[in-house]
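A.B. asks: My structure is below; once you've seen it, I'll send some questions.
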Amino acid sequence: MLCYDVRNLLADPQNVISVDETMDTESVSFGSETYPVLDKPHVRGVIENLDGKALRCSGQMELTLQMPCSRCMEPVRVPLELQFEQRFIQSRELAGPDADDESEAEAFDGMMLDLTEFLNGEISLGVPMKVLCRPDCKGLCPKCGHNLNEGPCGCDQSEDTSPAWDSLKSLLKAHNNQDGQEV
Ligand SMILES: [Zn+2]
Ligand SMILES: [Zn+2]
């Protein structure tokens, strides 16, 4: 699975390995959250020989995650299409005099190139910060937690009556009075 013998590729720069695989990923972690994978990541791309020592893997992958709507918490299908490109350098070249130039590259052992860890990292980077079940999702009632997409809950939604707002207003009033006295 996504582990390629690259000895022939390194021996002949004209060689190209084509990648067309489905990853066996059950879930994706992002921060403290874990999201189930609905459609497993399908990876398509190529591994090319750059200069006899370095390889480049580029392509795209498609997958579908299930994430909670940021407003109402209902599960949402989130299809992702991610482009990727990464250079891989043989580990022994990394230790050489040019090592500083290769900080962007990943290491491989010179025989096998395993893309699993790299691609899992790309998926984590591609997880959106926010998803909505629909553009006009009304979210949950802040008082009773009712899903407002299913209709009103009967709570009074006017902000002015909340105790937090009242105390903020009185704070502002006190602040303004203070300023008035100083002038
Ligand atoms: Zn929603
Ligand atoms: Zn309510």
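When we follow my numbering, the leftmost residue of the sequence shown carries the number 118, and every step to the right adds one.
Even glycine gets a Cβ: it sits at the ideal position worked out from N, Cα and C.
Listed by chain order, which residues have C-beta atoms less than 6 Å from any heavy atom of ligand 2?
C.D. replies: Here the residues come out as Cys258, Lys260, Cys261, His263, Cys270, Cys272.
A.B. asks: Just tell me which of Val163, Cys189, Val133 has its CA closest to the CA of Leu257.
C.D. replies: Locating residue 257 in the sequence shown gives position 140, counting from the first residue. Here the closest residue by C-alpha is Cys189.
A.B. asks: Which first and last residues belong to the alpha helix (DSSP H) in which Ala128 is found?
C.D. replies: The count along the sequence shown starts at 1 and reaches residue 128 at position 11. Taken as a continuous stretch (DSSP letters only), the alpha helix (DSSP H) holding Ala128 covers 124 to 128.
A.B. asks: Would you report the Cα separation of Tyr121 and Ser175, rounded to the nearest angstrom?
C.D. replies: Numbered from its first residue, the sequence shown carries residue 121 at position 4. Numbered from its first residue, the sequence shown carries residue 175 at position 58. Looking at the two C-alpha atoms, the distance is approximately 14 Å.
A.B. asks: Going by beta carbon distance, what residues of the same chain come within less than 7 Å of Glu198, once the five residues before and after it are set aside?
C.D. replies: Within the sequence shown, the letter at position 81 stands for residue 198. Here the set comprises Gln177, Glu179.
A.B. asks: Pull up the DSSP beta-bridge partners for Pro185, would you.
C.D. replies: In the sequence shown, the residue the question calls residue 185 occupies position 68. Answer by DSSP bridge pairing, in chain order: Pro192.
A.B. asks: Rounded to a whole number of angstroms, what is the C-alpha to C-alpha distance between Gly271 and Cys254?
C.D. replies: Within the sequence shown, the letter at position 154 stands for residue 271. Within the sequence shown, the letter at position 137 stands for residue 254. Straight-line Cα distance between these residues: approximately 18 Å.
A.B. asks: Quick check on Arg61: does DSSP put it in helix, strand or coil?
C.D. replies: Any property of residue 61 remains undetermined from this structure, which presents the chain solely from 118 to 300.
A.B. asks: As a quick exercise: from Asp168, Glu143, Ser187, Gln203, pick the residue whose alpha carbon is nearest that of Thr181.
C.D. replies: Looking up residue 181 in the sequence shown gives position 64. Considering only alpha carbons, the answer is Glu143.
A.B. asks: Quick check: the region 124 to 140 against the region 152 to 166, are at least 3 beta-carbon pairs closer than 8 Å?
C.D. replies: With a cut-off of 8 Å, the region 124 to 140 and the region 152 to 166 count as touching, because enough Cβ pairs lie within range.
A.B. asks: Determine the contact status of Val193 and Val248, defining contact as a CB-CB distance below 8 Å.
C.D. replies: For the purposes of this step, residue 193 is identified with residue 76 of the sequence shown, where counting begins at 1. For the purposes of this step, residue 248 is identified with residue 131 of the sequence shown, where counting begins at 1. Cβ atoms of Val193 and Val248: closer than 8 Å.
A.B. asks: Judging by CA-CA distance, which residue of Leu119, Val145, Glu267 is the nearest neighbour of Val244?
C.D. replies: Position 127 of the sequence shown, counted from the start, is the residue given in the question as residue 244. The shortest Cα separation from Val244 among Leu119, Val145, Glu267 belongs to Val145.
A.B. asks: Is Leu230 closer than 8 Å to Val123 when the C-beta atoms are compared?
C.D. replies: Reading the sequence shown from its first residue, position 6 is the one you call residue 123. Reading the sequence shown from its first residue, position 113 is the one you call residue 230. Yes, the Cβ-Cβ distance between Val123 and Leu230 is below 8 Å.
A.B. asks: For Arg209, which of helix, strand or coil comes out of DSSP?
C.D. replies: To locate residue 209, count along the sequence shown from 1; it is residue 92. Correct three-state label for Arg209: helix.
A.B. asks: Taking 7 Å as the limit, name every residue whose beta carbon sits nearer than that to some heavy atom of ligand 1, in sequence order.
C.D. replies: Answer in sequence order: Cys186, Arg188, Cys189, Glu191, Leu249, Cys250, Arg251, Cys254, Gly256, Asn266.
A.B. asks: Tell me, please, which residues DSSP counts as bridged to His159.
C.D. replies: Taking the sequence shown and counting its residues from 1, one reaches residue 159 at position 42. DSSP, once it has assigned bridges, lists Thr139, Glu179 as partnering His159.
A.B. asks: Using three-state DSSP, classify Leu232 as helix, strand or coil.
C.D. replies: Translated into positions along the sequence shown, residue 232 becomes position 115. Three-state DSSP puts Leu232 in coil, outside helix and strand.
A.B. asks: Taking the Cβ atom as the reference point for each residue, do Ala162 and Val136 lie within a distance shorter than 8 Å?
C.D. replies: Here the question's residue 162 lines up with position 45 in the sequence shown. Here the question's residue 136 lines up with position 19 in the sequence shown. Reading the sequence as shown, one finds Gly at residue 162 and not Ala. It is a contact, given that the beta carbons lie within the stated cut-off.
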